[in-house]
Amino acid sequence: MESKERAVLDRIFEPAGVAIFGGVHEPGKFGHMMLQSLIQYGYKGKIYPVSPAGGEVFGLNVLKSLSHVDGPVDLGCICVPAKEVPGALRDCLERGVSGAEILSSGFSETGDAGAIALQDEVARISRLGIRIVGPNCFGIHCPRGGLTLLPGFDFAKTPGPVALISQSGGVATDFCHEARTAGLSLSKVVSYGNGCDLEAVSLLDYLSGDSETRYVAAYLEGVRDGRRLKEVLRKLASRKPVVIWKGGLTPTGAKAVMSHTGSMAGERAVWSGLFAQTGALQVEGLEELLDVMTAMVHLKAGGSRIALLGGGGAIGVFCSDLAYRYGLELPVFSDNTVASLRKWFPTPGNSLRNPVDTGTPVIPAEIIAGIVEKILMKETVDVLVVVFLIHPLAVVRPAFMKMDSLPSPCLHDMVSPLLDRADDLRKTSGKDLVVVMENRAVLPSDLDVEKDYRELKGLFLAHGVPVFPSVARAMRAIGKARVSAHCARFNCS
-5 MESKERAVLD
5 RIFEPAGVAI
15 FGGVHEPGKF
25 GHMMLQSLIQ
35 YGYKGKIYPV
45 SPAGGEVFGL
55 NVLKSLSHVD
65 GPVDLGCICV
75 PAKEVPGALR
85 DCLERGVSGA
95 EILSSGFSET
105 GDAGAIALQD
115 EVARISRLGI
125 RIVGPNCFGI
135 HCPRGGLTLL
145 PGFDFAKTPG
155 PVALISQSGG
165 VATDFCHEAR
175 TAGLSLSKVV
185 SYGNGCDLEA
195 VSLLDYLSGD
205 SETRYVAAYL
215 EGVRDGRRLK
225 EVLRKLASRK
235 PVVIWKGGLT
245 PTGAKAVMSH
255 TGSMAGERAV
265 WSGLFAQTGA
275 LQVEGLEELL
285 DVMTAMVHLK
295 AGGSRIALLG
305 GGGAIGVFCS
315 DLAYRYGLEL
325 PVFSDNTVAS
335 LRKWFPTPGN
345 SLRNPVDTGT
355 PVIPAEIIAG
365 IVEKILMKET
375 VDVLVVVFLI
385 HPLAVVRPAF
395 MKMDSLPSPC
405 LHDMVSPLLD
415 RADDLRKTSG
425 KDLVVVMENR
435 AVLPSDLDVE
445 KDYRELKGLF
455 LAHGVPVFPS
465 VARAMRAIGK
475 ARVSAHCARF
485 NCS
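Here it is in C-alpha cells:
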C-alpha cells in the first residue's frame, strides 16, 4: 500500500472530526445510537450531527448540512436510507472528507437489481476520492483514535496489538466484547459489510504495515479478487500471525453468505489451499478464533512441549489424545521430579509422570503452587497447563465441610498462592503457564460461584496467565496457535 493511501486510512481510523448523517434525533435509530456510542466511549474529536431538521441533540448543535461545519471532518458516518446515501457521500466528497462508513443496508445483499445498481453508484463515488467502509456494516473501532463502532459505547479503551476485520457486524461486536474477558487489547476493528470499496484485501494490506497491530484476525465470507488476496495474505503472514475464520464453506452456508453480504463464498478446497500456501491459520468459529489469538498473545516461550496438572485420570487421558491431535508433546518427567512430587502424594492413586493426576481436584493451594514451581523449574517443557475443577472446589467441598460444621475456604483462597507466584515463576523459568477453570456449577444456586470464577479469571489475566474454560479449548488453542511457528518466529513479545 502506497504511503499516500495509508495516510488517508490513518486519518479515518483516528479522525479529528466525525459527521453523522441520519436519525440523529430519533432514539433507536443508528445515527442516534452512534452519537450515544461516541460520546459514551469518550471520543475526543469534534462530533457533527447533520440533519435538515437542525436543532440540538446531547448538547450538540445539529447542522442542516455539512457545508455549515467549520472544523475538520475526516470521517462521515452515514445512517440515512439507502437511496439517500449517494447524496450524503457527495456532500462528504465536496467537503474533502477522507472516508465514510455506511451503516445503511438495502444494497447488494438484497439481491435486488436496483439495490445492486445503487451500490455500484456508491462504489463509483468512492473512486472520485473518498474511501468507504460498508455499506451494510457497523463501522470502525479504534481505541487509539477514541473511535468506536456501533454499538461500542462500553468497549475497552486501552489500545493493544490485536486487529480484526469482519464482514459481519455481529462478529465484530462479539469479538470486541469477548476480547475483554480473554485479555486481548485491540488496535483496530473494522466491520466492513458488503465492502464496495475497502474490503478484505485492502484492509489486510493496510494492517500488514500498521505498526500498532502485531496480530491479525479476520472473519471473511467472500472476496472479489482471490489472486490479490493470496498475495496480500502471503505478505501479511510473513510479518505477523494471521488467523482467519472463513464463513460459507458449505452449500447452505454459501447461500446464507449471499443473502447476508451479497458475497460469493467459494469452495472449501480452494480456501484450504489458500491457507496452506500463504501461512494464514484457519479456524472455525468465533470461540476458536478468540482462543487461538489468546494463546498467540499470551504465550511467549514458544515450543510444543506440554505438561498438565489436574485432578482426575480422565483429564490426563483426554489431554494425551488432544496433544496427539494437535501436534503437541507430553514429555515424561524425570525420576527426580517424580520422586519430588511423590512426597506430596505418598498414597496410591496418582500418576506423576505427565500428565500429573493428583487423584483429587481438591488439593491444598500451597501444594499446587509447589508442584507448579517444581515442574516449571526442573522439567524441559514449554507450557504448563493447570486445571482447576470449579464445582468440586467451590460447591462439593464446602457442602461436605458445612455438614461437619467446619469452615470452608473461599474459591479465591484456594488458588491465591499460585496467583501470587505466577509472575515470578514465569519470568524465572522462561516458560508459560496456562490455567483451565472448568466450571460445572450451573444451577441457579451457584450464581455466586460464577461471579467468583469471573473475578479469578480476571486476576489471572492481569498476571499475564491466559484462562480457558476447558482442557479441550486450551489444548486446541495452544496447538493451533503453533507458538513456536508463529510468535517465536515473529518475536511477538
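If you count the sequence shown from 1, position 265 lands on 259 in our numbering, and the numbers rise without skipping. For every residue, glycine included, the Cβ atom is placed at its ideal position computed from N, Cα and C. Values in this document were obtained by computation on a predicted structure and should not be read as measured data.
Got a sec, what are the start and stop residues for the alpha helix (DSSP H) residue i sits in?
{"i": "G267", "result": "R262 to T272"}
{"i": "E281", "result": "L280 to H292"}
{"i": "E432", "result": "Per DSSP, E432 belongs to no alpha helix (DSSP H); it is in the beta strand (DSSP E), D426 to E432."}
{"i": "Q113", "result": "A107 to S120"}
{"i": "V375", "result": "Element bounds for V375: n/a, residue is neither H nor E."}
{"i": "H406", "result": "L405 to S423"}
{"i": "I472", "result": "V465 to A475"}
{"i": "V443", "result": "L441 to A456"}
{"i": "A317", "result": "G307 to R319"}
{"i": "V79", "result": "V79 to R89"}
{"i": "K234", "result": "Unbroken run through K234: none, as it is neither H nor E."}
Put residue i into one of helix, strand or coil per three-state DSSP.
{"i": "L383", "result": "strand"}
{"i": "K178", "result": "For the record, residue 178 in the displayed sequence is Leu; it is not Lys. In this structure, L178 counts as coil in the three-state DSSP scheme."}
{"i": "H62", "result": "helix"}
{"i": "L97", "result": "coil"}
{"i": "A150", "result": "coil"}
{"i": "Q30", "result": "helix"}
{"i": "R0", "result": "helix"}
{"i": "S205", "result": "coil"}
{"i": "H171", "result": "helix"}
{"i": "A482", "result": "Low local confidence applies: a pLDDT of 40 at A482 is under 50, so the model's placement there is unreliable, with the coordinate-based value given in what follows. Here A482 sits in helix by DSSP."}
{"i": "Y42", "result": "strand"}
{"i": "I357", "result": "coil"}
{"i": "R221", "result": "helix"}
{"i": "F24", "result": "helix"}
{"i": "V459", "result": "coil"}
{"i": "S487", "result": "A caution first: S487 carries a pLDDT of 42, below 50, which makes its placement in the model unreliable, though a value can still be read off. Here S487 sits in coil by DSSP."}
{"i": "V18", "result": "coil"}
{"i": "S402", "result": "coil"}
{"i": "S345", "result": "strand"}
{"i": "R5", "result": "helix"}
{"i": "L197", "result": "helix"}
{"i": "Y213", "result": "strand"}
{"i": "L275", "result": "strand"}
{"i": "M(-5)", "result": "coil"}
{"i": "S102", "result": "helix"}
{"i": "V326", "result": "coil"}
{"i": "S334", "result": "helix"}
{"i": "A393", "result": "helix"}
{"i": "V350", "result": "strand"}
{"i": "V56", "result": "coil"}
{"i": "V366", "result": "helix"}
Taking the alpha carbon of residue i as the reference point, which residue from the options has its own alpha carbon closest?
{"i": "E323", "options": "T331, D315, R420 and I300", "result": "I300"}
{"i": "L387", "options": "T354, T374, V379 and E367", "result": "T354"}
{"i": "V183", "options": "Q271, G177 and L198", "result": "L198"}
{"i": "S98", "options": "I41, P137, G49 and M28", "result": "M28"}
{"i": "D376", "options": "T246, L243, D446 and P325", "result": "P325"}
{"i": "F15", "options": "I33, A194, V236 and P46", "result": "P46"}
{"i": "S345", "options": "K229, S31 and G304", "result": "G304"}
{"i": "G22", "options": "S464, L87 and P145", "result": "P145"}
{"i": "A466", "options": "V311, L455 and L370", "result": "V311"}
{"i": "P358", "options": "D407, K240 and M371", "result": "D407"}
{"i": "E278", "options": "R138, S314 and L214", "result": "L214"}
{"i": "T352", "options": "V389, A308, S314 and D315", "result": "A308"}
{"i": "P75", "options": "L419, N130, E225 and A194", "result": "N130"}
{"i": "G90", "options": "A117, L60 and G105", "result": "L60"}
{"i": "S92", "options": "W338, F132, R5 and E78", "result": "R5"}
{"i": "L293", "options": "C136, E367, P460 and E193", "result": "P460"}
{"i": "V210", "options": "R222, G154 and T244", "result": "G154"}
{"i": "E103", "options": "I119, Q113, V379 and G306", "result": "Q113"}
{"i": "A263", "options": "L283, K240, T152 and L284", "result": "K240"}
{"i": "D417", "options": "G49, L455, T207 and Y200", "result": "L455"}
Under DSSP, the beta strand (DSSP E) around residue i begins and ends at which residues?
{"i": "F494", "result": "Absent from the model: residue 494. The displayed extent of the chain is -5 to 487, so no value can be given."}
{"i": "I124", "result": "No beta strand (DSSP E) holds I124; DSSP gives it neither H nor E."}
{"i": "L302", "result": "I300 to G304"}
{"i": "L69", "result": "L69 to I72"}
{"i": "G133", "result": "G133 to H135"}
Using 8 angstroms as the Cβ pair cut-off and three pairs as the minimum, do the segment 164 to 175 and the segment 59 to 78 touch?
-> no
Meets three-Cβ-pair contact criterion under 8 angstroms: the segment 398 to 408 and the segment 314 to 330 | no
Are three or more beta carbon pairs between the segment 156 to 164 and the segment 48 to 61 nearer than 8 angstroms?
-> no
Please determine if the segment 434 to 449 and the segment 282 to 293 are in contact, where contact requires at least 3 C-beta pairs separated by less than 8 angstroms.
-> no
Count the C-beta pairs between the segment 328 to 346 and the segment 401 to 415 that are closer than 8 angstroms, then say yes if the count reaches three, no if not.
-> no
Contact between the segment 17 to 31 and the segment 59 to 68: three or more CB pairs below 8 angstroms?
-> no
Is it true that the segment 226 to 243 meets the segment 271 to 283, where meeting means three or more beta-carbon pairs spaced less than 8 angstroms apart?
-> yes
Contact between the segment 447 to 456 and the segment 259 to 268 (3+ Cβ pairs under 8 angstroms) = no
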